[in-house]
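The opening position of the sequence shown corresponds to residue 66 in the working numbering, with each subsequent residue numbered one higher. We put the beta carbon where it would ideally sit given N, CA and C, even for glycine. On a predicted model such as this, the values are computed, not experimentally measured, just so you know.
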Amino acid sequence: MNLPILVNAFRDIVVNSGKVGGSAISAISANLMHKRVGNTEASISMLAAWRESLFTMMVGIPLTRGAGWAEMNRGQVQLNAWRDQLRAVTPGGGACVNEATYNNPN
Numbered sequence: 066m067n068l069p070i071l072v073n074a075f076r077d078i079v080v081n082s083g084k085v086g087g088s089a090i091s092a093i094s095a096n097l098m099h100k101r102v103g104n105t106e107a108s109i110s111m112l113a114a115w116r117e118s119l120f121t122m123m124v125g126i127p128l129t130r131g132a133g134w135a136e137m138n139r140g141q142v143q144l145n146a147w148r149d150q151l152r153a154v155t156p157g158g159g160a161c162v163n164e165a166t167y168n169n170p171n
């Protein structure tokens, strides 16, 4: 993990969250390494990159009731930009936006 890249990503989220109405960062430490848990890789149904994870994190933004497409698109563009910054923290690891944005290529 590259700590300076992670700190810069967090800083960007905090500094620029006002452009999309705010943000929330939630992280959970979850040492899922098979050696520690004592299971096999096949016993866990999850994304392969997450099988050796040390933590999981979520970044969320509020959506105003009655928000129009332009506002929602701004939020999606910003979430995708933050996702790309966080993906750079662990090359070959994983970072996804899941169902949060319709235009997420990965």
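Burial state of residue i, where buried means 16 or more other Cβ atoms lie within 10 Å
i	result
G140	buried
V124	buried
I126	buried
A74	buried
L151	buried
Coil, strand or helix - residue i by DSSP
i	result
G140	helix
G133	coil
A189	Look at the range of the chain in this structure, 66 to 171, and you will see that residue 189 is not part of it.
G86	coil
V124	strand
A153	coil
L119	coil
N179	The displayed coordinates of the chain run from 66 to 171. Any statement about residue 179 would go beyond what the structure contains.
N104	coil
8 Å contact criterion, which residue i and residue j should meet: CB distance rounded
i	j	result
T129	G87	So it is not a contact: roughly 11 Å between Cβ atoms.
I78	W147	6 Å
I70	V154	5 Å
CB contact check: residue i to chain B, cutoff 8 Å
i	result
L119	No chain B appears in the structure shown, which is made up of a single protein chain.
CA nearest to the CA of residue i, picked from the options
i	options	result
R90	R76, G157, W115	Position check: residue 90 holds Ile in this sequence, whereas Arg was assumed. That would be R76, whose Cα lies nearest to the Cα of I90.
S118	T105, D149, G158	G158
V142	N81, S108, F120	N81
W115	G131, A132, A95, N104	A95
Distance cut-off 7 Å: residue i Cβ against heavy atoms of the ligand GDP
i	result
T155	With respect to small molecules bound, the structure shown includes none, and the ligand GDP cannot be examined in it.
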